[in-house]
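What follows is a set of notes on a single structure, which appears directly below.
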Amino acid sequence: MCQLVGVSRSAYYDYVRCTDNCSADPYHEEIVETVRGIANSSNHSYGSRRIGKALNALGYPVGRWKARSLMREAGVQVRYRKKYKVTTDSNH
Numbered sequence: 001m002c003q004l005v006g007v008s009r010s011a012y013y014d015y016v017r018c019t020d021n022c023s024a025d026p027y028h029e030e031i032v033e034t035v036r037g038i039a040n041s042s043n044h045s046y047g048s049r050r051i052g053k054a055l056n057a058l059g060y061p062v063g064r065w066k067a068r069s070l071m072r073e074a075g076v077q078v079r080y081r082k083k084y085k086v087t088t089d090s091n092h
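So the sequence shown is numbered by full-length UniProt numbering: it starts at 1 and just counts up by one.
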């Protein structure tokens, strides 16, 4: 049957398992929205360490790597500062 549809057997069973047990978790969605809010309020300057600390301060117990995966899921990226570039030649 999987050959008719064109998917592997393991992909089919992963799909069946996830549709039965994977319902939308409102707690998880709340954390993702909080991550978006923290990133917007910090002007996207917080990385995973600072977002993890901010989430812990707000009462969401997460570690650095969980904060990183939440940032990835929320579509949050850090805006890095550009290095200062000298544009004048003082030896002229």
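Cβ coordinates follow ideal geometry from the N, Cα and C atoms, glycine included.
Assignment of Q77 by DSSP, reduced to helix, strand and coil, places it in the coil class. If you draw a straight line from the Cα of Y46 to the Cα of A11, it comes to about 36 Å. DSSP places A54 within a helical segment (H, G or I) once states are collapsed to three. Counting along the chain, T34 sits inside the alpha helix (DSSP H) bounded by residues P26 to S41. Taking R79 as the centre and dropping the five residues before and after it, the same chain places the C-beta of H44 and S45 closer than 7 Å to its C-beta, in chain order. Inter-residue distance for R64 and E73 is about 14 Å (C-alpha atoms, whole angstroms). Assigned with DSSP and collapsed to three states, Y46 falls in coil, not helix or strand. The three-state reading of DSSP puts S10 in helix, counting H, G and I together.
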